[in-house]
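Single-structure report; data block below.
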Amino acid sequence: MHCFIVGYYGFNNVGDDVCLAQTCRLLKGAFNECTWTFLGKETDRSKHEISRWNIGRVCAEIARSDRVILGGGGLLQNKTSQLSLYYYLGLVLVAIICRVPVIGLGQGIGPIHGWISKGITRFILRLFEGVTIRSDVALDNIAEFFKKNAEEERE
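Residue numbers (our numbering): -7 to 147.
What follows is the structure in structure tokens.
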């Protein structure tokens, strides 16, 4: 099993690097023979790191992986950057097109502003194989995305 771990790694953010370490630890425990590479800032820090700026190589890595893992953190939000939200959603879409299952671990979903961004995020979240949420706020945000559908299902 080979996993590609997506996150904001390599930017000297201790929280993100801890999430990466925990994700690797979880993968080791869950799968006997698991290898991984991760999305990073550069490629010379580790043989497991793929530069986020090399889109061709990132897409090739996604295609050759058995799973794409969105590591913990606030990846799916556009409070800090609209482009960042679309970057991560785009990577998920590449995985789906390549028929590679996507799992979100400890996601802090939101805030997401704008009806177009919310609609695209809602659509792509439905394609995940599974998602775990890191906080009550993120749970409220994801519940809001699917509120209309949940209400329709109750009727």
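Positions of the beta carbon are idealized from the N, C-alpha and C atoms, including for glycine. All figures in this text were calculated on a predicted structure; none of them were measured in a lab.
Check	Outcome
Meets three-Cβ-pair contact criterion under 8 Å: the region 14 to 21 and the region 105 to 125	no
CA nearest to the CA of L117, picked from A130, E34, V84	V84
Rounded straight-line distance, which links the Cα of F115 to that of V(-2)	19 Å
Limits of the unbroken beta strand (DSSP E) element including R59	59 to 62
Unbroken stretches of the beta strand (DSSP E), 3 residues or longer, contained in the region 62 to 144	94 to 99, 122 to 125
Sheet register partners of W28 (DSSP bridge)	C(-5)
Cβ contact check for the region 91 to 107 and the region 67 to 79: 3 or more pairs under 8 Å	yes
Span separating the alpha-carbon of D128 from that of G66	13 Å
For R146, three-class secondary structure by DSSP	In this prediction, R146 has a pLDDT of 38, which is less than 50 and means its spatial position is unreliable; what the coordinates show is noted afterwards. Helix.
D132 to M(-7) span [Cα, whole Å]	33 Å
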